[in-house]
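All remarks here apply to the structure that follows.
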Amino acid sequence: MEWQLALQLLQGLPTLLEILTTLQKWSIDEPKSSPRISPSVDKKQADHQDNYRSLQQQKILEQWPLGLVPSQFAGEKIYGIPALQVLLAPLYREGTDPALEENFSPLETRLSRDLGDFLSQHYPIADRERPVEFLAGIWRENSLEREGRVKALHDRLFDRPCLLLEPEIIGEGFTLRVAWWGFGGDRYVYHPVIVDFPYRTILETSAKRRANRWQAIAERLLSSGESPETIDRLAGDNAANLELWEREKRWQTDGIETKDLALPYSFTREDFLSLSRTLAPVFRAVTAKIADCYHGNRAGVSPRLHDLGDSLVSFPDEGVEESIDRTLLEAYRHLMTRFESIDRFGQKKAVKTNENRAEKQDFDRNRSNTSFSFQGEKRAFTPPEPLPPAPCPLPPASLPIDPGTLSLARTLTGYSGQTASLAISPNGEFLIGAGDDQRIRLWRLGTGAIEQTLAGYPGRILALTLSADGRWLGSVHRDIDRSCIQLRDLRSGELKHSLLGHNKAARCLVITPDNASLISAGQKIKIWDTRTGALQYTLSGHEKSIQALSLSPNGQILASASADKTVRLWHLPSGRLLHTLTGHLDWVRAIAFSADGQLLASAGDDRSIRVWRVAAGQLLTELSGHEDSVLALAFAAPSAGHPRILFSAGKDGAIKRWQIDTGGFTRTFSGHRQWVSSLALCPRGRVLASGSDDRTIRIWKVA
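Shown next as structure tokens:
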């Protein structure tokens, strides 16, 4: 048997050799194809490949984070314009307080609904220039997170312009990450724009406001005859919050740092509404900035963010906006190297230059005469025509002010955005206003006619100041990631100095009464010599950005208000800190000295106005009445026989008038449709100007 089997194998050897030779020939002549031994084998291989592709597609779909399949993302093209698709991811939560968990889902819903409403109004899908499609609520449960999600989306949607917003709350910090792609390159950008924002402080501030309101209500209930037991039943969590807040204030007075304590405040739906009102403008601003950047690159469309005031879009602090600007700039340098820089609204600038020329042009833009390329067209910056000579200062005059009414004299229009700052000339003839359209305008108050427009400023104008004699105009500008401060002679129109030195955004400035120094503030306070432009010295101490400056009439005391909830008083000649005023529950955004320099008023996001005795650094009185943040303050000129008058204005759109000596509120004046962000009083006391996000300036006659 064995030899018969061996013989059969030997007889079959030629056939095996032929097969091996044929296989070898196939492997040499057709290395990329597989030999077809038989139709049945070919069918098995095809079935195997189909099964493999099916399993691969199944695996991809298992990891696909959306409820829509990739083929459904065809990309809307109305009028032939590819829309930017904005995807809002679910709010990721980890390590949060279980007692707060039920409030996070409504918070997520409100943020999503708010962003959708904002985009449908300002970046609608049917827009001919800036179409945006908003997609939310389309996510699958237990899908990939963070960069895994970004990679999965980018792998299938790489050729479609997309922006992904990823909010998350871990412990007591809120983080917002953004990813985008399809803007002209084959890679995605993934970057955090807000990291560990202390959202709990917003909740605590809101809880303290409720407790403060409840205290006033409880006192009225008690005076009306209600029993303490009834009042306790009506208090809810306000009584416990009020008691805890009083203890916290005592600890702070004793020098205990309470921010490191786990204070058990109770929060309600109202507090989370306050949090959503804080976060919503950030979501809008981030989305609008990147949408403007995309459409500006795609078709040279001007940015829409220019036209949206801070009531719609804002950032919790300048560091967040700077982070986005840097990310956009670096991403566009990588994806589209023909761009040198992108300004704060995502607008294209300076085509066809390299890195060295980019740095040189950043320097040249701060000079008085330069040129740059904008969307391929050469444009020149030319110094503005000289203003007419500033009138000589008049001697101080005090006209009687009857604490009665303001009457609207006229409304000035023409701004394309927010009015950032106002000033009235010493003789009361001219109003100077600046906003985020990079222009300073001079109106004649008597007629409302524009006397002159100064253009060509290097970036959005954040603030301006006028010297006491009306000769010098100071302004601070934001350009990409730096602040530029300019000092201009109004008599000749000459630009005297362009000052650089703030690492953080500078937002306010003043000129000393003797015109010797210009003072600017960002994170720190810098004092400049107006004659030489040299930096004299720097004052530091605030923990967060400085929002407002004010000088006492004699120029000896400088007041600074900050996002760290404090006001600091400095002895300007020596730079010595005199007092740190505490008590505000949120950012302090406005301060003003009385005409005699004895009182200082401060106000901000906690809606209260505090009046302080300057010499002692002590609180005189607290005024309440605004329904939202207070953004501007102005003391009226003193008048014999009448109490001191303070005007205030803010996000509620109202202008309020207060009698300081009696601690009483007199009247509210309405008219503006949005925030009132600036006030200016004529030194003679007859005229009040108010600037608003509704793109108007109102001129009021003081009775």
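Remember, my numbering sits 431 above the position in the sequence shown when you count from 1. Note that the Cβ used here is the ideal one computed from N, Cα and C, for glycine as well.
Query: If contacts are defined as beta-carbon pairs under 8 angstroms, then asparagine 728 and serine 697 qualify, I think. What distance do you get, rounded to the angstrom?; Result: Their Cβ separation, rounded to whole angstroms, is 48 angstroms, which puts asparagine 728 and serine 697 out of contact at 8 angstroms.
Query: With DSSP as the reference, identify every bridge partner of phenylalanine 605, one or two as the case may be.; Result: Ile600, Phe628
Query: Are three or more beta carbon pairs between the segment 1095-1112 and the segment 1038-1046 nearer than 8 angstroms?; Result: no
Query: Could you name each continuous beta strand (DSSP E) segment of 3 residues or more that falls completely within the segment 959-1045, going from the start of the chain to the end?; Result: 966-970, 977-982, 988-993, 998-1002, 1007-1012, 1019-1024, 1030-1035, 1039-1044
Query: Tell me threonine 842's beta-bridge partners as DSSP assigns them.; Result: Arg1129
Query: Compute the beta-carbon to beta-carbon distance between glutamate 603 and arginine 561, rounded to the nearest angstrom, for a pair I have assumed lies under 8 angstroms.; Result: Not really, about 37 angstroms apart at Cβ, beyond 8 angstroms.
Query: Note down, in chain order, each residue of its chain lying with its Cβ closer than 8 angstroms to the Cβ of tryptophan 1001, except the 5 sequence neighbours on either side.; Result: Ile956, Leu970, Ile988, Leu989, Ala990, Ser991, Arg1007, Leu1008, Leu1009
Query: In chain order, which alpha helix (DSSP H) runs of at least 4 residues are fully inside the segment 664-719?; Result: 669-684
Query: Once the 5 residues before and after tyrosine 554 are set aside, which same chain residues still bring their CB inside 6 angstroms of it?; Result: Arg561, Val563, Ala722
Query: Below 8 angstroms on the Cβ atoms is my contact criterion, and I expect cysteine 915 with glycine 953 to pass it. Report the Cβ-Cβ distance as a whole number of Å.; Result: No, cysteine 915 and glycine 953 are not in contact; Cβ-Cβ is about 12 angstroms, not under 8 angstroms.
Query: Which residue's Cα is closest to the Cα of tryptophan 1131: Asp1124, Asp1125, Leu1110?; Result: Leu1110
Query: Going by DSSP in three states, valine 563 sits in which element: helix, strand or coil?; Result: strand
Query: Taking 8 angstroms as the cut-off, decide whether the C-beta atoms of isoleucine 648 and glycine 864 are in contact.; Result: no
Query: Just to confirm, is the Cβ distance from glycine 986 to proline 944 under 8 angstroms?; Result: yes
Query: How about alanine 1023 and leucine 1050: do their beta carbons lie closer than 8 angstroms?; Result: no
Query: When DSSP labels each residue in this structure, what does aspartate 920 get in the three-state scheme?; Result: strand
Query: Please state whether DSSP places histidine 933 in a helix, a strand or coil.; Result: coil
Query: Please report how far the alpha carbon of leucine 739 lies from the alpha carbon of glycine 972, in whole angstroms.; Result: 33 angstroms
Query: Around the Cβ of threonine 636, are there at least 16 other Cβ atoms within 10 angstroms (buried) or fewer (exposed)?; Result: buried
Query: Considering only their Cβ atoms, is the gap separating serine 1123 from valine 1133 smaller than 8 angstroms?; Result: no
Query: Would you call glutamine 552 buried or exposed, if buried means 16 or more other Cβ atoms sit within 10 Å of its Cβ?; Result: exposed
Query: Pull up the CB-CB distance for leucine 876 and leucine 862, whole angstroms please, since I reckon it's below 8 angstroms.; Result: 5 angstroms
Query: Quick one: using the 10 Å Cβ neighbour count with 16 as the cut-off for buried, is leucine 1054 buried or exposed?; Result: buried
Query: Take serine 705 and list the residues in its own chain whose beta-carbon comes closer than 7 angstroms to its own, dropping the five residues that flank it on each side.; Result: Ile633, Ser637
Query: From aspartate 1059 to phenylalanine 714, what distance separates their C-alpha atoms?; Result: 20 angstroms
Query: Report the three-state DSSP secondary structure of tryptophan 645 (helix, strand or coil).; Result: helix
Query: If you drop the 5 nearest sequence neighbours on each side, which residues of the same chain put their C-beta closer than 6 angstroms to that of alanine 520?; Result: Glu597
Query: What does the alpha-carbon distance come out to for the pair histidine 928 and arginine 919?; Result: 7 angstroms
Query: From valine 679 to phenylalanine 1066, what distance separates their C-alpha atoms?; Result: Note on residue identity: the sequence assigns glutamate, not valine, to residue 679. Distance between the alpha carbons of glutamate 679 and phenylalanine 1066 is about 32 angstroms.
Query: When you compare each of Gly526, Thr1093, Leu531, Asp1125 to aspartate 702 by their alpha carbons, which one comes out closest?; Result: Leu531
Query: Mapping DSSP to helix, strand and coil, what is glutamine 1105?; Result: coil
Query: Spatial neighbours of threonine 997 within its chain, please: CB distance less than 6 angstroms, with the 5 preceding and 5 following residues excluded, ordered by chain position.; Result: Thr1011, Thr1013
Query: DSSP has lysine 639 in a bridge; who is on the other side?; Result: Per DSSP, none; premise fails for lysine 639.
Query: Decide if threonine 1093 is buried, meaning its Cβ has at least 16 other Cβ atoms within 10 Å, or exposed.; Result: exposed
Query: Buried or exposed: arginine 644, going by 16 or more other Cβ atoms within 10 Å of its Cβ?; Result: exposed
Query: Just the C-alpha distance for lysine 935 and lysine 690, rounded to the nearest angstrom, thanks.; Result: 24 angstroms
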